[in-house]
Each structure stands twice: as C-alpha cells, then as structure tokens.
Amino acid sequence: MTRIENRPLRALLGVLTSLKLTIVCMAALMVLVVACTLAQVHLGTWGAVNVYMRSWLVWWDVPGTVLSVPVFPGGALAGAVLAVNLIAAQLKRLELSWKKAGLWIVHAGLILLVIGEFVTGMFQQDMQLAFEEGHTANYVEYPRENELAVIDVTDPAWDEVYGIPETLLARADEVQVPGTPITLKVKRFLKNADLAMRTPNDAPAIATAGVGTSIRVAELPPVTTDDRPNATAAFVEPVAGGRSYGTWLVSALLAAPQQFVYEGRTYQLAMRSRRVYLPYSLTLKDFTHDVYPGTEIPKNFSSLVHLNNPARGESRDVLIYMNQPLRYDGKAFYQASFGKGDTLSILQVVSNPGWLLPYISCVLVTVGLLVHFAITMRRSMRRRAAAAEAHS
Amino acid sequence: MIVGALVLAASGCQRESVSHFRVPKSAPAPEPAGMAAMPAGMGGGMGAPGMAGDVPPPAQPTGSSALAWTLPKGWNEVRGGGAMRYATITPPASGGKVEVTVIVLPGPAGGELANVNRWRGQIGLPPLDDAALASARKHVKTRAGDVSVYDFLGEGQQKTRVVAGFTFTEGNTWFLKMSGDASAVGARKPEFVSLLESLRLDAN
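Here the protein sequences line up with chains A and B, keeping their order.
Just so we're aligned, residue 2 is where the first sequence starts under this note's numbering, counting upward by one.
Just so we're aligned, residue 65 is where the second sequence starts under this note's numbering, counting upward by one.
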C-alpha cells in the first residue's frame, strides 16, 4: 500500500533529479538565447529580454485574433526548473562525506549562480538620473515607464506628489487619488501619441480645458526599440467635491504641467517618466568627457557628484566614472551617457537585491575547486607513499 | 517557487498602485531623460511649455490672430516640424548647430518667469527671480506689439546659447526661440532680431 502511494512521488523525484531534465533545460535556454538575440531586431534589447528571458512563458499572438497562446517556456521557468533540478540532483547523487566537500562547495556555487540570475532577472530595477551641471536631483526615473503625476503645490515649502502608473491609467475607468478629494476619470489612454497644433479642419477636441483644447492628438504604435521612450498621453477629467474641472490632455510631450484650483489648493497634472524620490540628493558639480589626443574617440566619462544626506549627516563628493559606480542605499549609480555640450550627465541607477550573489558564487566555485584539488592531491600523495612503501 | 511567484505577484501589484511622496520644492527639472540623450549642442528644449491657470480660453492662432514674420535672406521655414511646433526655421549653416522654433499656446502658458527659467534650465543655468528677470529682459518693438527678448549663454565645455522672444497677443502666447552652439547662435543673432522686428499679425 505504502509503495503504491509513494510511486508518483518517486517518479516525480526521478524526473526532478534526472540528467535528461538538465539537458532539456539547458537546450531550452539555448533556444531562448538565440530567439532573444534575433528578436532584438524588432523588439529592442529590453523588449526582447522581457519577452524571452524574464518571463515564465513565451506567448504568441495568433494573427487575426485577440488570442495569445503560450508556445515555449520562458527564461524564468527554464531557469527555475534548472535550479530545482540541480539542487535535487545534488542532494540525491553526491555522497555526504569529507572526500566530496570540494564538489559540494562547487555545486553550491553553481546553484547560487543560477539563483542569482533568477533574482536579478525578476527583481532588478533599471532607472535613470539625468541632471545638468549645477543641478540637484532628489529622484530617479524609470526611462521606459510613465506616470501621471498629480502634484499639490499649495504649500510654499513642500509638494505632495501622487504618481499614477500608466498601467493603472490604461486599465482603469477612474482613479481615486488617495489622500486627496480628486477622482480622475480616464476618458482615453494612448500608450504612444504624437501631438500637433490643431487646425480648423480637425475633428472637435476631446479636451475641454488646458492646452489640450488647441492640440491634435494622433495615436502611434508603441515604441519597440531602445532608443526612444513612448510619448504616453491621456485625456483625464478631474472631479472634486462633485464638480468636474473639464477634460485635460496630459502628455509626455508637454514639458510644463497644467493646473487647476480646488478649494484654495492648486493641483498640477503632468505626464512624465515614472519617478521615485530619494531621501537624499545628488548635485552634479562637473561632468568630464575625455578623448584620446587628436581624435574624437572617447577615453573616459566622469561625473563629480556631491552627495547630501541630512538624515545620515553625510555631505561628500563622489567621482563616478566608467566601471566605477557609486553604490549607495541599495542602488548603484553608473555613468551611462551624456549630452548638451558635455553639461548633462546621465547615470544609470540599478537596484538589484541579488547583486552580491554572482560574486559569492564565483568565490564558492573557486574555493570548492581548490578544496577538491587539495583533497585529490592529498589522496594521490598518500597512494604514492603507500606504493613506495610496498615496493621498499 | 510558489513563494517566489507570490513575492513576484506582490511586487507587480506594488507597481500598479498610486505612489505618494512629500518632497521639498525644487528648482526647474531638467529635460526628460529621453530628450536628454539628444546629440550634444542642440540643447534639447523643443518641448512646449504648459499652461497655468484654471481652464484657460481655447484660442486658435489662425487668420487675423496668427503672427507672421519676414525671413532673413537664406533662411528656410517649415510649418510644424516637430511636436507642438507652430513652425521650424533653419538659418544657413554657420559652423555649428542652430535652430529656431516657434510655439504658440493659448492663454498665459505658465507665465514669462516660468518659461524663461525653463529655457535657462535647458542650458544648465540657475533660475532667476522677478527682479533678475526684469534686468535680463530686452524689448523689441514690432507691429504686433512689444516682444520681450532674452539672451542666455550656458556653461560647460561646449557652450550652448538661447536667444528667445516672448510675446502675448490676441489671447495667445508666442515663443520664438533660437538655440544651439554658442558661436553659431551669436553669428545669427542680428538676423534673428530682425526676424523678431518683422513680427506682425497676419491680417496686417
């Protein structure tokens, strides 16, 4: 009876620990790498990695329909199964003895490497900080995601900033802005749109207030390459205290915010890159762009940044240059780009809770190989000594 | 894996919710990151200014309410030419990047100080206050009324410069901005000022 009950479990354990599963996972990952590389032509690097590597399943949109069907395991699924397979195989096959200590450490390092890539793929946040010489920034932005910022600017010293993610605007008919009396009715959402001045021949504007009354909006297909962000736009109707404040056009192409007043409080509306404010600030003191003498070939880019964190009593200068990021408060600030006649510096800001795991795994593999080598050498020397003794 | 999936789902939900930050007031923000990656020299800043005030009038800059101007010799113009632009004007090549944009918006469009500080922010200069704004302002008389003219030189190794005219007429705010490499903008400034001097309402 017990044997029958355990049979499926044993079969599952057999599958999980099998070398065939390892090979299948490795083959799936190889296929995904090739497909992801080819797809970068149409989707851009970021888009292709999201579709093939950072997903549980690869989906295929059936042409001519709204159907989307899974056709292949994604990188996350293949990697997770591989990690489970490696752990299970390790526990089943490798004997627990001091002789195998080195191999145990090597395998632990390899498993940690797979887990590290999984954590990075799923939890890494890529943001940006663009500032000019002399400017101070206390926020970072997601360059590929937008938000509708509703900002209460009434207080002379503080702004209350409410960020509504574009994903929420895309699927909600109305959004209650928490902490405010404002409800935003979403009349229309456009992931990407171009703006132009209206002409008398255009259809009546959707917007009834603000600058949108003079603007023609043309929907564009979403951007799929890495070099440009989507110019997200929406028509929203703020309602507060039972009164409508008209329908406003908000767009990432409109540089300055629009505003309305409710009971003496001034609220601004602005579509912009999704922003995360920091409890500290960074000031760009100087950006330097060195080239090799007599050429235009870049030699080095560096940003001299002043870090100010009143809460920790920190106020110091930091030099950020190629491959030398500032690691601070769980984020790494890398020199990524520049512009505006070498007065603007763009830092890539990466938040990755698993950034240490690859380093630890490399150390583990190295230590494991050294331990295994030492054990094997010791055993070999003992054998030689025993053989020499037998001959003498 | 189940725990991992739950954590993942939770983090996904977090990104869907409305965020809230209480932040100290700051200087004018730099250009959006996407614009910032533009080639050096042009200084970005082609986006349109916004609109302040509660429900402004929806005016149309057509017919008798639209501005017209006379192009200096050798200059070219296209209507539109970019998001939010009324016109894009290109001077002849003069050893550097330079471009003139014309943007028109109904109403006060955020006001003169906010827009001037936005231009200054685009070339890395700190904001001005009302007193400093008045001393930086020059005037050009035109048939369409008085035009405020500002000239700012940015900092940095490769200097950028903005010369911009600002006028409010027939319920619309007009921005005529020449920006680019400092030397090229300097070379074209007299012709740009003559373009500003030629401003008139289209009906005249």
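All residues carry an ideal CB built from backbone N, CA and C; glycine is no exception.
Check whether the Cβ atoms of V107(A) and H373(A) sit closer than 8 Å, and answer yes or no.
Yes. Within cutoff.
Terminal residues of the alpha helix (DSSP H) in which P230(A) lies:
Per DSSP, P230(A) belongs to no alpha helix (DSSP H) and is neither H nor E.
is_contact[T344(A), chain B] using C-beta, thresh 8 Å
Interface residue (Cβ-Cβ distance to chain B less than 8 Å): T344(A) is classified as such.
Would you please state the rounded distance, in angstroms, between the beta carbons of V277(A) and Y140(A)? I believe it to be under 8 Å.
So it is a contact: roughly 6 Å between Cβ atoms.
For A333(A) and K205(B), the rounded distance between their alpha carbons:
About 53 Å.
Counting only the same chain and skipping the five closest in sequence on each side, list residues whose C-beta sits under 8 Å from that of V85(A).
Counting only Cβ-Cβ distances below 8 Å, and skipping sequence neighbours, we find L17.
W238(B) to L357(A) span [Cα, whole Å]
Approximately 54 Å, taken between the alpha carbons.
Alpha-carbon spacing of K300(A) relative to T46(A), whole angstroms:
Near 25 Å, if we compare the C-alpha coordinates of T46(A) and K300(A).
According to the neighbour-count rule (16 or more other Cβ atoms, all chains shown, within 10 Å of its Cβ), is S381(A) buried or exposed?
Its Cβ having fewer than 16 others within 10 Å, S381(A) is exposed.
V240(A) versus V154(A): straight-line alpha-carbon distance, rounded:
Roughly 18 Å separates the two Cα atoms.
Are the beta-carbon atoms belonging to L221(A) and N193(A) less than 8 Å from one another?
Contact flag set, yes.
Decide yes or no for the touch test of the segment 276-295 of chain A against the segment 241-259 of chain A: beta carbon pairs closer than 8 Å, at least 3 of them.
Too few Cβ pairs lie closer than 8 Å, so no.
Counting along the chain, where does the beta strand (DSSP E) carrying W105(A) start and finish?
That residue, W105(A), is in no beta strand (DSSP E); its alpha helix (DSSP H) goes A102 to F124.
Which residues of chain A have a Cβ atom closer than 8 Å to the Cβ of E163(B), listed in chain order?
In chain order: nothing, as chain A lies at least about 14 Å away.
Going by DSSP in three states, D174(A) sits in which element: helix, strand or coil?
For D174(A), the secondary structure class from DSSP, reduced to helix, strand or coil, is coil.
DSSP state of I207(A), grouped into three classes?
In the three-state scheme derived from DSSP, where H, G and I count as helix and E and B as strand, I207(A) is classed as coil.
Using the Cβ count rule (16 or more neighbours within 10 Å means buried), how would you classify A337(A)?
Answer is buried; the Cβ neighbour count reaches 16.
Can you check whether the C-beta of G188(B) is within less than 8 Å of a C-beta belonging to chain A?
Cβ-Cβ to chain A under 8 Å: yes for G188(B).
Are the segment 307-322 of chain A and the segment 97-114 of chain A touching by the rule of at least three beta carbon pairs closer than 8 Å?
With the cut-off at 8 Å, the segment 307-322 of chain A and the segment 97-114 of chain A do not touch.
Which chain B residues sit within Cβ distance under 8 Å of S245(A)?
Per Cβ cutoff of 8 Å: no residues; S245(A) is ~10 Å from chain B at best.
Does DSSP put N193(A) in a helix, a strand or coil?
Correct three-state label for N193(A): coil.
Against chain A, with Cβ distances strictly below 8 Å, would K241(B) count as a contact?
Under the 8 Å criterion on CB atoms, K241(B) is classed as non-interfacial with respect to chain A.
When you compare only the Cα positions, how much space is there between L83(A) and L22(A)?
Cα atoms of L83(A) and L22(A): separation of roughly 8 Å, rounded to the nearest angstrom.
Check I321(A) in the structure and name its three-state DSSP category.
I321(A) falls in the strand class under three-state DSSP.
Check whether the segment 222-231 of chain B and the segment 241-250 of chain B touch, using three or more Cβ-Cβ pairs below 8 Å as the test.
The segment 222-231 of chain B is in contact with the segment 241-250 of chain B.
For R143(B), the first and last residue of its enclosing beta strand (DSSP E):
First-last of the beta strand (DSSP E) with R143(B): N140 to R143.
Cβ separation of A118(A) and G80(A), assumed to be a contact under 8 Å, to the nearest whole Å
Note on identity: in this sequence residue 118(A) is Glu, with Ala being the wrong assignment. With a Cβ gap of about 6 Å, E118(A) and G80(A) count as contacting.
In this structure, does DSSP put A271(A) in helix, strand or coil?
Strand at A271(A).
Return the residue from the list T165(B), N181(B) and R225(B) that minimises the CA-CA distance to I153(B).
Comparing Cα-Cα distances from I153(B) to each of T165(B), N181(B) and R225(B), the minimum goes to T165(B).
Buried or exposed (CB count within 10 angstroms, at least 16 for buried), A104(B):
Any reading at A104(B) must be qualified, since the residue scores a pLDDT of 29, below 50, and its modelled position is unreliable; no value is offered.
Should the segment 344-357 of chain A be called in touch with the segment 119-135 of chain A, which here means at least 3 C-beta pairs below 8 Å?
Yes: the two stretches touch, three or more of their Cβ pairs being nearer than 8 Å.
Can the beta-carbon of L305(A) be found closer than 8 Å to that of L283(A)?
Their beta carbons are not under 8 Å apart, which means L305(A) does not touch L283(A) by this criterion.
Chain-order list of residues whose beta-carbon lies under 6 Å from that of I183(A) (same chain, five-residue window excluded):
Cβ neighbours of I183(A) within its own chain (closer than 6 Å, five residues either side excluded): P239 and A241.
Nearest chain B C-beta to W356(A) closer than 8 Å, yes or no?
For W356(A), no CB of chain B lies under 8 Å from its own CB, so it is not counted at the interface with that chain.
What does a CB cutoff of less than 6 Å around A109(A) pick up in its chain, not counting 5 residues either side in sequence?
If we look at A109(A) and ignore the five residues flanking it on each side, its Cβ neighbours are L365.
Counting only beta-carbon atoms, is I165(A) nearer than 8 Å to chain B?
True, the Cβ-Cβ gap to chain B drops below 8 Å.
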